[in-house]
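Residue numbers (the numbering used here): 11 to 226.
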């Protein structure tokens, strides 16, 4: 992405550390049960991260080939690391299927734009059914209820609305990942920027990305 002027602003962000997984709520939506990640989610996580279509849209770009790779990822969301992230498992409410169908949340409190970033993964067989939108809408409700603190942070000047500077959370996806940015639009995000940069999956080619933001 082309360099941009940054500026210090006063805003609010969730109080750190984030609540421990053990104290986070489990919530239900029309079709989903959303709860904190746990060690027993490992096999389901591996199954999700071993799907080529899912991982094609990730910075890694390739599937996990061994459960130990998924275990390292999961460890970043479990105690004691849970105080640094706000990630949740996504299950179907139906009792007929007890597998995790996805996961998502805030994995980094400061992104390249200066604001927190949200992301998610959904099993390939559940794409196009509105599951990601249903999750993201519910998760944003949890995010908004977190206790806040006043902070001064350095943000990309292009993210600043005029004249008010409300708290934001950002996300981005490959420009050809139409399903993902439609999910964000349906959940209330607005398009922020589109740019090209070296593809993390193959630095020899450029990837076009679209970023979105949500005002908390």
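Note that the Cβ used here is the ideal one computed from N, Cα and C, for glycine as well.
1) Nearest CA to the CA of residue 93: which residue from 72, 208 and 30?
2) Excluding five sequence neighbours on each side, which residues of the same chain lie with their C-beta closer than 6 Å to the C-beta of residue 164?
3) According to DSSP, simplified to helix, strand and coil, what is residue 160?
4) With H, G and I counted as helix, E and B as strand and the rest as coil, what does DSSP make of residue 12?
5) Output the distance between the C-alpha atoms of residue 22 and residue 167, rounded to the nearest integer angstrom.
6) Secondary structure at residue 145, three-state DSSP: helix, strand or coil?
7) Measuring only the C-alpha atoms, how far is residue 12 from residue 122?
8) Roughly how many angstroms separate the alpha carbons of residue 176 and residue 226, rounded to a whole number?
9) Would you list the one or two residues that DSSP bridges to residue 113?
10) Per DSSP, residue 17 is paired with what?
11) Compute the beta-carbon to beta-carbon distance between residue 117 and residue 95, rounded to the nearest angstrom, for a pair I have assumed lies under 8 Å.
12) Taking DSSP as the reference, what is the three-state secondary structure of residue 192?
13) For residue 211 and residue 97, what's the separation of their Cα atoms in angstroms?
14) So, at 6 Å on beta carbons, what are the nonlocal neighbours of residue 51 in its own chain, with the 5 sequence-adjacent residues on each side left out?
15) Between 28, 47 and 71, which has its C-alpha nearest residue 213's C-alpha?
16) Helix, strand or coil for residue 104, going by three-state DSSP, please let me know.
17) Looking at C-alpha atoms only, which residue of 113, 158 and 192 is the closest neighbour of residue 140?
18) Compare the C-alpha of residue 129 against each of 90, 135 and 183 and name the closest.
19) Tell me, to the nearest whole angstrom, how far the beta carbon of residue 25 is from that of residue 158; I am working on the premise that it is less than 8 Å.
According to the structure shown:
1) Residue numbering aside, residue 93 sits at position 83 when the chain shown is read from its first letter. The shortest Cα separation from residue 93 among 72, 208 and 30 belongs to 30.
2) As a working mapping, residue 164 is identified with position 154 in the chain shown. Cβ neighbours of residue 164 beyond the five flanking positions: 16, 18 and 124.
3) Reading the chain shown from its first residue, position 150 is the one you call residue 160. Residue state for residue 160 is assigned as strand, using DSSP reduced to three classes.
4) Residue 12 sits at position 2 when you count from the first residue of the chain shown. Legend: pLDDT at residue 12 = 48, less than 50; position of this residue unreliable, value from coordinates given subsequently. Here residue 12 carries a coil assignment [DSSP, helix/strand/coil].
5) Counting from one through the chain shown, the residue named residue 22 turns up at place 12. Counting from one through the chain shown, the residue named residue 167 turns up at place 157. Each residue's alpha carbon lies about 17 Å from the other.
6) Residue mapping note: residue 145 aligns to position 135 of the chain shown, counting from 1. DSSP places residue 145 in helix when its eight states are reduced to three.
7) Counting from 1 along the chain shown, the entry for residue 12 is found at position 2. Counting from 1 along the chain shown, the entry for residue 122 is found at position 112. Its pLDDT being 48, under 50, residue 12 is placed unreliably in this model, and the value from its coordinates should be taken loosely. Rounded to whole angstroms, residue 12 to residue 122 spans 12 Å at the Cα level.
8) As a working mapping, residue 176 is identified with position 166 in the chain shown. As a working mapping, residue 226 is identified with position 216 in the chain shown. Each residue's alpha carbon lies about 7 Å from the other.
9) Here residue 113 corresponds to residue number 103 of the chain shown, with the count starting at 1. DSSP, once it has assigned bridges, lists 99 and 131 as partnering residue 113.
10) As a position in the chain shown, residue 17 is number 7, starting the count at 1. Residue pairing from DSSP places residue 17 in a beta bridge opposite 165.
11) Here residue 117 refers to the residue found at position 107 when the chain shown is read from its first residue. Here residue 95 refers to the residue found at position 85 when the chain shown is read from its first residue. At roughly 5 Å, the Cβ-Cβ gap stays under 8 Å, so residue 117 and residue 95 are in contact.
12) On the chain shown, position 182 is the one that residue 192 refers to. Three-state DSSP puts residue 192 in a helix.
13) For the purposes of this step, residue 211 is identified with residue 201 of the chain shown, where counting begins at 1. For the purposes of this step, residue 97 is identified with residue 87 of the chain shown, where counting begins at 1. Roughly 24 Å separates the two Cα atoms.
14) Within the chain shown, residue 51 is the residue found at index 41, counting from 1. Same-chain partners within the cutoff: 99 and 110.
15) Translated into positions along the chain shown, residue 213 becomes position 203. It is 71 whose Cα lies nearest to the Cα of residue 213.
16) Position 94 of the chain shown holds residue 104. In this structure, residue 104 counts as coil in the three-state DSSP scheme.
17) Locating residue 140 in the chain shown gives position 130, where the first residue counts as 1. Ranking the options by Cα distance to residue 140, first place goes to 192.
18) The residue labelled residue 129 in the question sits at position 119 within the chain shown. For residue 129, the nearest C-alpha among the options comes from 183.
19) Mapped onto the chain shown, residue 25 falls at position 15. Mapped onto the chain shown, residue 158 falls at position 148. The beta-carbon separation of residue 25 and residue 158, rounded to 6 Å, stays under the 8 Å limit for a contact.
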